[in-house]
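To convert, note that position 173 of the sequence shown is 173 in UniProt numbering; the numbers rise steadily by one, no gaps.
No residue lacks a Cβ here, since even glycine has one placed at the ideal position from N, Cα and C.
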Amino acid sequence: MTATYRVNIWAVVRHAGRRRYGVRWKTDNREHSEWYATKRLAESFRSDLLRAQRAGEAFEIASGLPVSLARQRNSRTLLEVATAYVDWLWTSDAPPNTRKGAVTNLAAAVPLFVRQLDHVPDREVAQRLLSTRLLPVPQRRIELSPADRAVATWLARASRPINELADEIAASELLLGLGKSVTGRSVTTATWDKRRAVLHRAVEFARASGWTDTNPLTGRRHLARHTGPQVVDPRVVVNPAQARQLLAAVTYVQGRRRRDRNRGARLHAFFACLYYGGLRPGEAQNLRTTDLDLPPDGWGRLLLVGSRTEVSASYYAPPGARHQDRPLKRRSAEEVRPVPIPPDLVTILRDHIAEFPPAPDGRLFVATESGGSIPWSVYSRIWADARAIGLSPVQEASPLARRPYDLRHAALSSWLAAGVPPTEVAARAGNSVKVLLTVYAKCLADQQDTYNDRISGLLDS
Numbered sequence: 001m002t003a004t005y006r007v008n009i010w011a012v013v014r015h016a017g018r019r020r021y022g023v024r025w026k027t028d029n030r031e032h033s034e035w036y037a038t039k040r041l042a043e044s045f046r047s048d049l050l051r052a053q054r055a056g057e058a059f060e061i062a063s064g065l066p067v068s069l070a071r072q073r074n075s076r077t078l079l080e081v082a083t084a085y086v087d088w089l090w091t092s093d094a095p096p097n098t099r100k101g102a103v104t105n106l107a108a109a110v111p112l113f114v115r116q117l118d119h120v121p122d123r124e125v126a127q128r129l130l131s132t133r134l135l136p137v138p139q140r141r142i143e144l145s146p147a148d149r150a151v152a153t154w155l156a157r158a159s160r161p162i163n164e165l166a167d168e169i170a171a172s173e174l175l176l177g178l179g180k181s182v183t184g185r186s187v188t189t190a191t192w193d194k195r196r197a198v199l200h201r202a203v204e205f206a207r208a209s210g211w212t213d214t215n216p217l218t219g220r221r222h223l224a225r226h227t228g229p230q231v232v233d234p235r236v237v238v239n240p241a242q243a244r245q246l247l248a249a250v251t252y253v254q255g256r257r258r259r260d261r262n263r264g265a266r267l268h269a270f271f272a273c274l275y276y277g278g279l280r281p282g283e284a285q286n287l288r289t290t291d292l293d294l295p296p297d298g299w300g301r302l303l304l305v306g307s308r309t310e311v312s313a314s315y316y317a318p319p320g321a322r323h324q325d326r327p328l329k330r331r332s333a334e335e336v337r338p339v340p341i342p343p344d345l346v347t348i349l350r351d352h353i354a355e356f357p358p359a360p361d362g363r364l365f366v367a368t369e370s371g372g373s374i375p376w377s378v379y380s381r382i383w384a385d386a387r388a389i390g391l392s393p394v395q396e397a398s399p400l401a402r403r404p405y406d407l408r409h410a411a412l413s414s415w416l417a418a419g420v421p422p423t424e425v426a427a428r429a430g431n432s433v434k435v436l437l438t439v440y441a442k443c444l445a446d447q448q449d450t451y452n453d454r455i456s457g458l459l460d461s
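What follows is the structure, given as structure tokens:
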């Protein structure tokens, strides 16, 4: 925006026509005019210009308006900003899960930043409508029911301009509201962080689009909340004996149909990659035979080149796509992450390839019927069955290795406990050292007695 203080404002002029009264003025060397049906309206607008000039306010050269008036005219509501931001994500070919995250989190924010009008819809109804119909681009062409149309109209009328976020109270109320679910219960810190981050990016998009001069959310957080990486709950981390026990239990998981008798065995190597290699599930799904170095003896190596992520809603991805190949987390598409793997995993992978031939494109882990990647729902159900087989009832009821991802937590924790330098652990895991020490620096279960003995020995020396 280019502004100037060189402003000339002339008297109201009259011309023939429906809008016969005109206000004419000049900013720098550019002339401007606005026309009104009545002289009173024209004089009112001219008074606004004069008031801004006398107050020493700069005028935009392009529009001719005082900066404050231009900002007011150019303002967008949070609903309009959210819609435009989602449009941009679709046209810029953002990954499907990025689109989904933006839609889900903005749908939670928009109903919280509204004016107090009559006939307020239920927040859950408004949030559902935003996330399933109003924000996802492919869904907008579907005709709304009369009830949904009424909610959509109310949201359009009630949504507040984003410039009002500059008000301390308004911004604080919105951030506090992000911490509650539609039922009124507090959301997790991770959920709040995601909602706040997506909202901040949307308002930053509005700033870059010229709809607001600043991003009022920059540097503003709910002080009662911890922000940053979430620390792993030590209760989920298995020790080596428990990990081996669970991996063995996976091979005993069978389906009801005869052809599913190897249901668990097919994924034994998949879960082993998470524990012995510290891989993320998406990285293991993307493993191909060309990524493996499996010598007959000793340690081997995996060369990770990407991740295969699942898309949960079809309208976030191209037609027919259920998975998307992506670069490694926070890496460029060309980067490769080498991961040394112990002999145990080398043997497991060699046996897996011999028993379960890879897909035509070389992928190791393939859905038996579709030939695509294995859905999260499938491998999570197999893992739940393995926990029931490999753990005691008390352990199964506990958080111990509740999710497949907890095997990665156990891997990184065990490497740190073994004395591997954090820089090396971070390189193998694909994390920064800061995140590693914040999130994964947890000792194995039953290790406190060992450390207590070491400290006692030092004190007694």
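- The closest CA to that of I389, considering only W299, P399, A249, is found on A249.
- Boundaries of the beta strand (DSSP E) harbouring Y36: 30-36, taken from the DSSP string.
- Here L287 is actually not in contact with F271; their C-beta atoms are around 13 Å apart, not less than 8 Å.
- When R73, R195, V336 are compared, the shortest CA-CA separation from L292 is found for V336.
- Assignment of E143 by DSSP, reduced to helix, strand and coil, places it in the coil class.
- The count of Cβ pairs closer than 8 Å, one atom from the region 197-215 and one from the region 135-147, stays below three, leaving the stretches out of contact.
- By the CB criterion at 8 Å, V236 and L436 fall outside the cutoff.
- Take T104, set aside five residues on each side of it, and the residues of its chain with a beta-carbon closer than 7 Å to its own are S131, in chain order.
- For T4, the closest of G22, W35, G56, E283 by C-alpha to C-alpha distance is G56.
- By the beta-carbon neighbour count (other beta carbons within 10 angstroms, threshold 16), Q127 is buried.
- Nearest Cα to L49 within the set V23, A386, R76: V23.
- In the structure shown, E310 adopts extended strand secondary structure according to DSSP, grouped into three states.
- Taking L117 as reference, the option from G372, V151, S92, V81 with the minimal CA-CA separation is V151.
- Just so you know, the alpha carbons of D297 and V305 end up roughly 24 Å apart.
- Secondary structure note for G177: it is in no beta strand (DSSP E), and the uninterrupted alpha helix (DSSP H) holding it is 168-178.
- The beta carbon of F205 sits closer than 6 Å to the beta carbons of Y85 from its chain, once the five residues preceding and following it are set aside; these are given in chain order.
- In this structure, the beta-carbon distance from W192 to L174 does not fall below 8 Å.
- Counting of Cβ neighbours within 10 angstroms places E334 among the exposed residues, the total staying below 16.
- Residue pairing of Y21 in beta bridges, as defined by DSSP: R14, Y36.
- Annotation: the continuous beta strand (DSSP E) that includes P338 extends over 337-341.
- Counting only residues of its own chain and dropping the five nearest sequence neighbours on each side, V13 has a CB closer than 7 Å to the CB of G22, R24.
- Between P161 and S75, the C-beta spacing is below 8 Å.
- DSSP, reduced to helix, strand and coil, places R46 within a helical segment of the structure shown.
- DSSP places R326 in the uninterrupted beta strand (DSSP E) bounded by 323-326.
- Assigned with DSSP and collapsed to three states, L217 falls in coil, not helix or strand.
- Distance from the CA of A359 to the CA of T290, rounded to the nearest whole angstrom, comes to 12 Å.
- Counting of Cβ neighbours within 10 angstroms places T214 among the exposed residues, the total staying below 16.
- Counting every other CB atom within 10 Å of its CB across the protein chains shown gives L458 a total below 16, marking it as exposed.
- Taking 8 Å as the cut-off, the beta carbon of R428 is found closer than this to the beta carbon of V339.
- For I382, the enclosing alpha helix (DSSP H) has its first and last residue at 376-390.
- Under DSSP, K26 forms a beta bridge with N8, E31.
- If you compare the alpha carbons of L155, N97, A52 with that of L78, the shortest gap goes to L155.
- In this structure I169 is exposed. Its beta-carbon is surrounded by fewer than 16 other beta-carbon atoms within 10 angstroms.
- Under the 8 Å Cβ criterion, the region 26-46 does not count as touching the region 90-108, having fewer than three qualifying pairs.
- Around the Cβ of R308, a 10 Å sphere holds 16 or more other Cβ atoms; the residue is buried.
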